[in-house]
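Trainee: The structure under discussion is supplied below as structure tokens; questions concerning it will follow.
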Amino acid sequence: MDGLTPLSGVIVLGATNRPQDLDPALLRPGRFDRKIVIPLPNRKAREEIFRVHLRRRPLDPAVSLAELAAKTHGFSGAEIAAVCARAAYLALEAFAAAQGIPIARLEPERYQTLRIRREDLLKAIREVRQERRTTRPRARRKKT
Numbered sequence: 031m032d033g034l035t036p037l038s039g040v041i042v043l044g045a046t047n048r049p050q051d052l053d054p055a056l057l058r059p060g061r062f063d064r065k066i067v068i069p070l071p072n073r074k075a076r077e078e079i080f081r082v083h084l085r086r087r088p089l090d091p092a093v094s095l096a097e098l099a100a101k102t103h104g105f106s107g108a109e110i111a112a113v114c115a116r117a118a119y120l121a122l123e124a125f126a127a128a129q130g131i132p133i134a135r136l137e138p139e140r141y142q143t144l145r146i147r148r149e150d151l152l153k154a155i156r157e158v159r160q161e162r163r164t165t166r167p168r169a170r171r172k173k174t
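This is the structure in structure tokens:
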């Protein structure tokens, strides 16, 4: 990228979820020829992401993917995947507690009645939302 040595057949890709923090020198002409913005998933896409991440998990039939998609406005696909994983673990914890057995001692044949419930998913959404608030950096204020 420094232009001192000619290169051919080289493609440089960059990705960030914090474009406001990029050094302006990277954005000068001749550095990166294209900027592609991939927006957060819309409601329909979020519902499909839930479908993908929950399809092989024991989901309670009463769970509405449309409701989950509506409650996760502004979530990325990775955050939705984290919700699904966390909800599965919450369901496993509750199942083990109801059986009076530590998770490590659960035998696979007992899993037949395990279900991820709406409550597990809603709690996981709250936890991931809280985690977002504490880990995402605040937007920088411009100096005046």
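Residue numbering for the sequence shown follows my numbering, beginning at 31 and increasing consecutively.
The beta carbon of each residue, even a glycine, is placed where N, CA and C say it ideally should be.
(1) In the DSSP assignment, find the alpha helix (DSSP H) that holds R209 and state where it starts and stops.
(2) For E123 and C114, I'd like the C-alpha separation in whole angstroms.
(3) Could you have a look at I146 and say whether DSSP puts it in helix, strand or coil?
(4) Mind checking V93: buried by the 16 CB within 10 Å criterion, or exposed?
(5) Please name the residue, chosen from V158, L151, R156 and L136, that lies closest to R87 on a Cα-to-Cα basis.
(6) Let me know the secondary structure DSSP gives L56 once reduced to three states.
(7) Checking 8 Å against the spacing of the C-beta atoms, do F80 and A108 come in under that value?
Mentor: A quick look at the data gives this:
(1) The structure shown does not extend to residue 209, since the chain is modelled only from 31 through 174, so no value can be given for it.
(2) 14 Å
(3) strand
(4) buried
(5) L151
(6) helix
(7) no
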